[in-house]
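Numbering (the numbering used here), first residue to last: 17 to 321.
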Ligand SMILES: Nc1ncnc2c1ncn2[C@@H]1O[C@H](COP(=O)(O)OP(=O)(O)OP(=O)(O)O)[C@@H](O)[C@H]1O
Ligand SMILES: [Mg+2]
């Protein structure tokens, strides 16, 4: 009797002890589907199903399925090269711009497939905006940076013909510029120099400007790829506050290498590990305090990666 009770746990211990590890120190455990099944109320804003991405022969994302709830912050974490940026770029079809990239599977936004013929990519990227790691303002005035998208999309009349016909719309432009800069928590710092070159702003200000530029076209989803990794702690804190604020009205998906940042700002966290697998996805507190996967625990506690 006591023998029978003892045996299974002994076996389990042996299994854990002898579990093989990869060169980077990850244990090679069996993945379980339920680790990535995250239940939440309401319809998903973004629904990813069986997504695979290849760069030539390299398989960068492996059969990833996950649903993202509306008006929340979703953090994507995982070691370098595990496919976070690749995955993020799938959500507004930015990978279409990379010749060697091939995407298979489904991504729906509000139940509408974005990987089908006839999708207007300009319109899609207006709905699903993107902010990159290094701030990339245009070498133009602060005003021109913010007004760029609305002018391009025709939300502000700005062409020569508009001007000749008296259709230019300065009030509307002022309104959009102010609203976007306020939302990006930058207005107070730049309201008296809107016509100065944006490259004269600090790095943190430039990043908030880029967020403002993204907001100016009224997106629904904002994708951010390590938006604060080039910034000092004070500028980082401003971006973090801003992300939390934005999630009241927008669906934010953010890649970060900073675990504390993911824990601080996100509602749910998806952990990708080497090979482009989504290993675990769930409420942020659960992922950080009580992950199902040994590999996720090892990664979070800094044992590898
Ligand atoms: N344009 C590309 N062409 C070929 N391979 C690429 C390309 N972009 C990414 N890869 C490969 O795909 C894999 C995933 O890269 P990705 O940039 O998505 O990782 P990541 O998780 O964002 O890494 P990091 O944390 O370093 O930014 C890597 O093996 C990378 O070398
Ligand atoms: Mg990346």
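The beta-carbon is built from N, C-alpha and C at its ideal position, and this holds for glycine as well.
TODO: For residue 217, name the three-state secondary structure that DSSP assigns.
DONE: coil
- May I ask you to check if the CB of residue 93 is nearer than 6 angstroms to at least one heavy atom of ligand 1? no
Check for me: the beta strand (DSSP E) holding residue 288 runs from which residue to which?
284-289
**Asked** How would you write the range of the beta strand (DSSP E) that residue 78 sits in, first residue to last?
**Response** From DSSP, the beta strand (DSSP E) with residue 78 extends over 74-85.
query = Would residue 76 pass as a contact of residue 278 if the rule is Cβ separation under 7 angstroms?
reply = no
Inset, instruction - Tell me whether the beta-carbon of residue 232 lies closer than 7 angstroms to the beta-carbon of residue 172. - result: no
Same chain, Cβ closer than 6 angstroms to residue 287, neighbours up to 5 away in sequence not counted
93, 94, 295, 296 and 312
ask   = Do you know how far the Cα of residue 119 is from the Cα of residue 68?
value = 6 angstroms
Given a cut-off of 7 angstroms on the beta-carbon distance, is the pair residue 283 and residue 104 in contact? no
Looking at residue 128: is its Cβ nearer than 7 angstroms to the Cβ of residue 267? no
Cβ-heavy atom distance, residue 218 to ligand 2, below 6 angstroms: Answer for residue 218: no, Cβ out of range of ligand 2.
| Nonlocal neighbours in the same chain, by C-beta distance under 6 angstroms from residue 18, ignoring five residues either side | Confidence at residue 18 is low in this model, with a pLDDT of 41, below 50, so the placement of that residue should be treated as unreliable; the coordinate-derived value is given next. Once the five neighbours on either side are set aside, residue 18 has no close Cβ partner at all.
At a cut of 8 angstroms, does the region 215-232 reach the region 129-137 through at least three beta carbon pairs?
no
Answer yes or no: the CB of residue 156 versus the heavy atoms of ligand 2, is any distance below 6 angstroms? no
request  = Identify the continuous alpha helix (DSSP H) that holds residue 122 and give its terminal residues.
outcome  = No alpha helix (DSSP H) contains residue 122, which is instead part of the beta strand (DSSP E) from 117-125.
Simplified DSSP assignment, three categories, for residue 130
coil
Task: Near ligand 2: residue 61 beta-carbon under 6 angstroms from a heavy atom - done: no
Handout entry: residue 299 versus 292, 281 and 290, residue with shortest Cα-Cα distance
Key = Looking at the Cα atoms, 281 is the closest of the given residues.
Quiz item: Quick one, are the C-beta atoms of residue 108 and residue 140 less than 7 angstroms apart?
Solution: yes
Inter-residue spacing [alpha-carbon to alpha-carbon] between residue 170 and residue 307: 47 angstroms
For ligand 2, is there any heavy atom lying closer than 6 angstroms to the beta carbon of residue 101? yes
For ligand 3, is there any heavy atom lying closer than 6 angstroms to the beta carbon of residue 232? This structure simply doesn't include ligand 3; it includes ligand 1 and ligand 2 instead.
Going straight from the alpha carbon of residue 235 to that of residue 258, what length do you get? 16 angstroms
- Query: Out of 187, 147, 82 and 186, which has the shortest C-alpha to C-alpha gap to residue 244?
  - Reply: 147
* Verify whether the separation of the beta carbon atoms of residue 166 and residue 192 is less than 7 angstroms. => yes
Practice problem: State buried or exposed for residue 327, treating a residue as buried only when at least 16 other CB atoms are found within 10 Å of its CB. | Solution: Examination of residue 327 is not possible in this model, given that the chain is present from 17 through 321 alone.
- Nearest to residue 270 (by Cα), restricted to the options 47, 316 and 238: 238
**Beta carbon of residue 211 nearer than 7 angstroms to that of residue 157** = Between residue 211 and residue 157, the CB-CB gap stays under 7 angstroms.
Between residue 215 and residue 98, is the Cβ-Cβ spacing less than 7 angstroms? No, the pair does not count as a contact, with Cβ atoms beyond the cut-off.
From residue 32 to residue 78, what does the alpha carbon distance come to, in whole angstroms?
With a pLDDT of 46 at residue 32, under the threshold of 50, the predicted position of this residue should be treated as unreliable, though the coordinate-derived value follows. In a straight line, the C-alpha of residue 32 is about 25 angstroms away from that of residue 78.
**Prompt:** Which ranges would you report for the beta strand (DSSP E) in the region 200-254 if only whole runs of at least 3 residues count?
**Reply:** 237-241
Handout entry: Proximal residues to residue 54 (C-beta, below 8 angstroms), its chain only, five neighbours per side dropped
Key = Cβ neighbours of residue 54 beyond the five flanking positions: 82, 83, 284, 297, 298 and 299.
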